[in-house]
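With UniProt numbering, the residue at position 319 of the sequence shown is 319, and numbering never jumps.
Heads up, the beta-carbon is just placed ideally off N, CA and C, and yes, glycines get one too.
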Amino acid sequence: MAGTISDVKKLDYDIYKYSSYSSSYLPENIREDNPSNQTSRWSSNTNTPPQYLILKLDRPAIVTKIKFGKYEKTHVCNLRKFKILGGLEEERMVLLFEGGLRNDAIPETFNLKHRTNSGELLPIKFVQIVPLLSWGPSFNFCIWYVELLGIEDSMFILSNLRKYNMLREVEIVRLFLKHCRQQGYVNSFSALQEETGVKLEDEKMTELHEMLVNRGDFKKTEEMLLEFIENGLMDNYLERQEYKPQWSLQLTPENEPRPGRRGGHQLIIDPMTSTIYLYGGWDGNEDLSDLWSYDVKANRWTLIHERSELLDGPTPRACHKMVYDTRNSQIFMLGRYLDSASRTEENINSDFYLYNTITKTWFLICNDTSQVSGPQLVFDHQMCIDVDKQTIYVFGGRILEPRNEEETTGQYRYSGLFSYHISTNTWTHILVDCEHPTASSPYVQSIRSRVTHSMLFHHKHRKLYIFGGQRGKDYMTDFLIYDVNTNELSNMTPENNNTDTKNVPQSGFTQRATIDCEKDEIYVLTSLSKEKERRDLNINSFWLFSLTKKEWCCVYKSEHSNGENCYQKSQNTCHEPCPRYAHQIVYDSTNQVHFLFGGNPGTNSNVRLDDFWVLRLEKPNRGNILRYCKYLLRKQEYEEITKNDPLSAILYLQTKLYDIIDHSDPVQLKEFHKLASLLFKSDTVDGETEPTSLLTCAVGTTGTGSAPVGGGNKHKQQRADDDGHKEEENLAKVMRVESPKSIEEADTSSISSMSSSDCSNSQTQPPPGTTVVPATGTEKVEGVAAETVTGGHKAGLGKELIEGGRSSTNVNATPSTSRSTENARNRAVDQQFEMKIRRCLLFNKLVDLMPESLCQPKKNISDFVLL
């Protein structure tokens, strides 16, 4: 019976090649896992790249994981950064993983890429490990043990090898088809497509190429792109774009009530009514017990009551936690902080409250949850609610004990994971802390508890996500997942966690996290640390973790410096909140907006903040990308018109291009002015570009050809193109669309390598005996047939066209007339050639915005040809 992808086993391999080794630290040592033997490792004899090991499997296999064993102690030669490649041939390997090892004694296992971009399984026979950086910067690289895991069932691999080879063959044919079309080999293109039955791309993309590149029908191209966007063909591209953060300070009229300065308070939101609730906190002098609501739509705060203890509610408190039950419109509150003087037997009780937002009444559920199998009194814990199952989860936090007991032990105790079932009013201790007396029992599940961490519940995945926090002096870097249905606890390793702190939120700083279950995204705001010695390292930063990609990315970093005084009156003039701790943040999933209130700026023990901020994470939308596409098309059409009819170009600039430029934006306005400057340029006989007069251009018949691609102006042309690309990218960002990055230099070189005749072999060509010359009408110039060449006309200029033009030259013409005629003809050819190149590049840029499955391959045959 053939295997499946789930039949993973340890794979045998040999050491095939290596870059170097030192002393007795042979490459073969990595096949034996002996963590107590310091010599059981491979060590390079230098840290100068390239250093590598190539492993050869006994037979092709699907390699899904790689495991690295380590020495029993930390070691400076451990790999801090490395990459892994694999393939069926050693000369052609693809990147399978890039990351790093922690400098500890715990073995690590990483998932390897084992599918192609189209989803087919990827068989490999060679695995190359390339060290990039060791934990000791000047030390050699060493690897202690390597284990490959995957599937090697012969029938299963044979089946996938056939699929893989068929896929490769199709891609090779598609590359040839792309090459033939770009070079104008029309007959070869048709023959290859007919014989193989392989399509270069979707029919829609072929039609787009025909309209834009061959016909130059810009109006029809715009209509097609509008249809593509409306049908969602560019939605994938929009989703891949980075968020652009936009902070704004929510100001309320001075005569209206609003919460005062505080830290350690709690915020929760009712997403159904877009109402935020705020309770308690510490104002720098005392704990508070006021309850506020904020109407997001009306931008109005309302004081529900100032002292809840007078209404059978909780006493003043800070560092408590709240959750909101959207089904019953109820708030649940648990925990609080007590200073050491207040920690007496009478006060150390974990009271548990409920507030009904409809009846506006408090209810004491339990005076002490520790007496009913719940948690003891804790602070800096986390709470989440599973509304569907009516279950509240409480994890972590430091347990408060009577002052005399804490002084006796000298150690802090931490709370485990608890669940509270609302309907039955029952508590369950799910996971005990790792230092709990019962943690050593094989029948008891334990967890390393902590404070100041984050815990979020994904109601669709039915999982709790726990990360960050602090335990004693240790800063936690793990990312835990608890499945509430199966009671399984696991540790997730982000795909881009290469131990480089630039790629993940830094541990030890105050963090506030939210989740969007529809987008499968976790958001984390990190800010000022409570510890004074770490405050010089802090700035605000906002991170996103994709649960789909399992990757962190930094969305935003504060522009505030540590010494800025931007938290009092001057806060109104700031564009973002200052660094702080003891603040709170909530996420309105309906409107996809974050709200931040208050906190401690860490400047004075009595100073707290009362600023209220809104954070919007914006991505380009369909309107933005439509405007961007129109700009690219109209810019190209405008440039073509300027070559032939500058007066028409003026009108086009003032109407079509004017309409899509935001003239209040300086970047777009600058680009608009640069486009206008094209009207005052033309080409001389030798191709040099110089200023000219609009009046001259309006009458001239041969003076508007662009500079040849080759010749003495190649470098000038390249610089101009580079400047144009930079300006285009800048404008793209202003239009809130990222310019596609995947069009590599190879694309440009491949298209630019076309000869004039190659580029001209399009489907529609003028009959032999005529020469196309740029002009404003159909005048005759010394026996040469001239016709207007604009966006909607024929773009073809083949060898037949050139030869035909030569034969039609007046044989009785004087030498000077012949030279000028020939120069005009050459400029016309070069102009059409350049126009075709620019259209090809524009087409590549547009299709890069659409799904790969519909488009031509991104690479070119020239990428694989080395001379």
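Would you call the CB atoms of residue i and residue j closer than 8 angstroms?
i: residue 364; j: residue 312; result: yes
i: residue 599; j: residue 581; result: yes
i: residue 447; j: residue 417; result: yes
i: residue 383; j: residue 334; result: yes
i: residue 555; j: residue 542; result: yes
i: residue 43; j: residue 140; result: yes
i: residue 68; j: residue 145; result: yes
i: residue 13; j: residue 53; result: no
i: residue 243; j: residue 618; result: yes
i: residue 357; j: residue 299; result: no
i: residue 583; j: residue 263; result: yes
i: residue 200; j: residue 177; result: yes
i: residue 539; j: residue 557; result: yes
i: residue 641; j: residue 658; result: no
i: residue 854; j: residue 224; result: no
i: residue 62; j: residue 184; result: no
i: residue 116; j: residue 65; result: no
Please classify residue i as buried or exposed, where buried requires at least 16 neighbouring CB atoms within 10 angstroms.
i: residue 455; result: buried
i: residue 28; result: exposed
i: residue 449; result: buried
i: residue 411; result: exposed
i: residue 336; result: buried
i: residue 49; result: exposed
i: residue 120; result: exposed
i: residue 375; result: buried
i: residue 309; result: exposed
i: residue 166; result: exposed
i: residue 106; result: exposed
i: residue 239; result: exposed
i: residue 626; result: buried
i: residue 864; result: exposed
i: residue 431; result: buried
i: residue 213; result: buried
For residue i, name the three-state secondary structure that DSSP assigns.
i: residue 177; result: helix
i: residue 189; result: helix
i: residue 481; result: strand
i: residue 847; result: helix
i: residue 519; result: coil
i: residue 642; result: helix
i: residue 647; result: helix
i: residue 592; result: coil
i: residue 234; result: coil
i: residue 821; result: helix
i: residue 774; result: Residue placement at residue 774 is flagged as unreliable, the pLDDT there being 37, under the threshold of 50; the coordinate-derived value follows with that caveat. Reduced to three states, the DSSP call for residue 774 is coil.
i: residue 183; result: helix
i: residue 54; result: strand
i: residue 488; result: strand
i: residue 37; result: coil
i: residue 24; result: coil
i: residue 317; result: strand
i: residue 341; result: helix
i: residue 745; result: With a pLDDT of only 43 at residue 745, under 50, the local geometry of the prediction cannot be trusted, and no value is derived from it.
i: residue 60; result: strand
i: residue 383; result: strand
i: residue 828; result: helix
i: residue 240; result: helix
i: residue 12; result: coil
Any idea which residues DSSP pairs residue i with across the strands?
i: residue 88; result: Per DSSP, none; premise fails for residue 88.
i: residue 300; result: 295
i: residue 455; result: 466
i: residue 868; result: It is not possible to answer for residue 868, since the shown part of the chain is limited to 1 through 867.
i: residue 883; result: This structure cannot speak to residue 883, because the chain is shown only from 1 to 867.
i: residue 305; result: 291
Using beta carbons (cut-off 8 angstroms, strictly below), is residue i in contact with chain B?
i: residue 251; result: The chain labelled as chain B is not found in the depicted structure, where only one protein chain is given.
Which ranges does the beta strand (DSSP E) cover as unbroken runs of at least 3 residues, wholly within the region 393-446, from first to last along the chain?
-> 417-421, 426-433
Hey, which unbroken runs of the beta strand (DSSP E) at 3 residues or more fall wholly within the region 129-179?
-> 145-151
Tell me the start and end of each unbroken beta strand (DSSP E) in the region 602-626 that is at least 3 residues and wholly inside, in chain order.
-> 609-618
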